[in-house]
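Enquirer: Got a structure here, written out as structure tokens. Questions coming.
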Amino acid sequence: MAKPKKIGLEDLGGFVYSTNQDFVPPTEETPIETPENAMQKLEAHFSSKGRGGKTVTVIKGFVGTDEDLKNLAKQLKNHCGVGGSVKEGDVIIQGNQREKIMLFLTDQGFRVKRVGG
Numbered sequence: 015m016a017k018p019k020k021i022g023l024e025d026l027g028g029f030v031y032s033t034n035q036d037f038v039p040p041t042e043e044t045p046i047e048t049p050e051n052a053m054q055k056l057e058a059h060f061s062s063k064g065r066g067g068k069t070v071t072v073i074k075g076f077v078g079t080d081e082d083l084k085n086l087a088k089q090l091k092n093h094c095g096v097g098g099s100v101k102e103g104d105v106i107i108q109g110n111q112r113e114k115i116m117l118f119l120t121d122q123g124f125r126v127k128r129v130g131g
């Protein structure tokens, strides 16, 4: 006979139960403010995995609002003259545009690190 599976907190799906009857869960999310460009530490990645062999440049590490992230992506796409998108907090730019993007971001005041080959 198989041993019964132990249930841990991660098996509860993120729910935590409290015995405090006066506990009121927070209802408002604190708005995320975008820090200054000099405080941002971005990473410029080069990737072709999961894209049918097509190469892309991925910018990771942006902290701020979704609107500011979309504006940054739009500026990068216009600067490089290529397409791209924003997915899961990362900016994806078509092609190997790392050098152009890194120069543009450093001119804007960001700290950029080249990651990968």
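Add 14 to the 1-based position in the sequence shown for this note's numbering, that's all there is to it. By construction, the Cβ of each residue, glycine as well, lies at the ideal position given by its N, Cα and C atoms.
Could you compute how far the alpha carbon of K91 sits from the alpha carbon of G97?
Expert: 6 Å
Enquirer: Are there 16 or more other CB atoms within 10 angstroms of the CB of T69, so buried, or fewer, so exposed?
Expert: Burial state of T69 is exposed, judged by a 10 Å Cβ sphere holding fewer than 16 other Cβ atoms.
Enquirer: Would you kindly report the start and end of the unbroken alpha helix (DSSP H) that includes T71?
Expert: First-last for T71: V70 to K74, but that is the beta strand (DSSP E), not the alpha helix (DSSP H).
Enquirer: Report the CB separation of F60 from G130 in whole angstroms; it is logged as a contact under 8 Å.
Expert: 5 Å
Enquirer: Whole angstroms are fine: how far does the CA of V105 sit from the CA of T120?
Expert: 16 Å
Enquirer: Which class does F60 belong to by DSSP, given the choice of helix, strand or coil?
Expert: strand
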